[in-house]
Amino acid sequence: MPITADELRPYFRSAWGADTCYPDSREEWTPRNPARDQCGMTALVVQDILDGDLIIGEVHVGGVQIGHHYWNRLPDGSEVDLTADQFRPDEEVVGGRVVARPPDAPRRHREQYELLRERVLEALAADARS
Numbered sequence: 001m002p003i004t005a006d007e008l009r010p011y012f013r014s015a016w017g018a019d020t021c022y023p024d025s026r027e028e029w030t031p032r033n034p035a036r037d038q039c040g041m042t043a044l045v046v047q048d049i050l051d052g053d054l055i056i057g058e059v060h061v062g063g064v065q066i067g068h069h070y071w072n073r074l075p076d077g078s079e080v081d082l083t084a085d086q087f088r089p090d091e092e093v094v095g096g097r098v099v100a101r102p103p104d105a106p107r108r109h110r111e112q113y114e115l116l117r118e119r120v121l122e123a124l125a126a127d128a129r130s
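Residues in the sequence shown are numbered consecutively from 1, following full-length UniProt numbering.
Printed below as a string of structure tokens:
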């Protein structure tokens with residue numbers, strides 16, 4: 001039986017670290033907020049496992065855009081955002097549109113994507129063997 005997005009959540013929580021978040025945001029990452037700045041890599045790995053579309057929205061504070069946020073739309077049309085709990089109360093995600101996946105792997109942050117993907121897939125494989 002295929003794995004669900006909810007079943008994937010603990011694998012990502014265990015795999016996230018300062019070494020898998022956006023490098024320019026490493027100082028913001030803490031174990032207390034493990035999803036912080038993990039959205040792009042996480043959305044790509046979720047897509048690797050569950051397929052579907054990548055969605056990008058804007059992150060606003062006080063009506064001013066401060067960044068972007070990625071999540072997934074699954075083949076059944078449902079949306080899943082494994083990093084939604086990263087945001088501070090003053091941060092709001094607005095909009096959302098489908099974006100094309102980069103061919104092969106992302107050009108930026110490729111190392112973080114590959115590390116996160118490896119950790120999640122290894123943990124899934126280990127659990128499947130036990």
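Beta carbons are placed, not taken as given, at the ideal position from N, Cα and C, and that holds for glycine.
Quick caveat: nothing in here was measured; it's all calculated off a predicted structure.
Legend entry - Candidates Asp51, Asp90 and Asn72, of which the one nearest Val61 by Cα: Position 61 of the sequence shown, counted from the first residue, corresponds to residue 61. Of Asp51, Asp90 and Asn72, the residue nearest in Cα terms is Asp90.
Inset, instruction - Can you give me the Cβ contacts of Arg101 inside the same chain, cut-off strictly under 8 Å, excluding the 5 residues immediately before and after it? - result: For the purposes of this step, residue 101 is taken as the residue at position 101 of the sequence shown. Result list for Arg101: Leu44, Gln47 and Leu54, in chain order.
Inset, instruction - Report the residue from Gly63, Gln112, Gly40 and Gln86 whose alpha carbon sits nearest the alpha carbon of Thr30. - result: Taking the first residue of the sequence shown as position 1, residue 30 is located at position 30. Of the listed residues, the one whose Cα sits closest to Thr30 is Gln86.
Inset, instruction - Alpha carbon to alpha carbon, how far is Ser130 from Arg97? Give it in angstroms, no decimals. - result: Sequence index remark: in the sequence shown, residue 97 carries index 97 (1-based). Sequence index remark: in the sequence shown, residue 130 carries index 130 (1-based). Whole-angstrom Cα-Cα distance: 39 Å.
Inset, instruction - Could you name the residues of the same chain whose beta carbon sits closer than 8 Å to that of His109, not counting the 5 residues immediately before and after it, in chain order? - result: Counting from 1 along the sequence shown, the entry for residue 109 is found at position 109. So the list reads Tyr22, Pro23, Gly40 and Met41, once near-sequence residues are dropped.
Inset, instruction - Would you kindly check if the distance between the Cβ of Ala5 and the Cβ of Val74 is under 8 Å? - result: Locating residue 74 in the sequence shown gives position 74, counting from the first residue. Locating residue 5 in the sequence shown gives position 5, counting from the first residue. Note that residue 74 is Leu in the sequence shown, not Val. Yes.
Inset, instruction - Count the other CB atoms, across all protein chains shown, that sit within 10 Å of the CB of Arg36; report buried if there are 16 or more and exposed otherwise. - result: Mapped onto the sequence shown, residue 36 falls at position 36. Burial call: buried.
Inset, instruction - Please classify Gly57: does DSSP put it in a helix, a strand, or coil? - result: Start at 1 with the first residue of the sequence shown, and residue 57 comes out as number 57. In this structure, Gly57 counts as strand in the three-state DSSP scheme.
Legend entry - Alpha carbon of Val94 to alpha carbon of Val59, nearest angstrom: Here residue 94 refers to the residue found at position 94 of the sequence shown. Here residue 59 refers to the residue found at position 59 of the sequence shown. Going by the C-alpha atoms only, they are around 6 Å apart.
Legend entry - From Ile3, Thr20, Gly57 and Glu7, residue whose alpha carbon lies closest to that of Arg119: Taking the sequence shown and counting its residues from 1, the one referred to as residue 119 is at position 119. Considering only alpha carbons, the answer is Thr20.
Inset, instruction - Report all residues from its chain with a CB closer than 7 Å to the CB of Glu28; omit the five preceding and five following residues, and keep chain order. - result: Position 28 of the sequence shown, counting from 1, holds the residue named residue 28. Excluding positions up to five away in sequence, the list reads Arg36 and Asp37.
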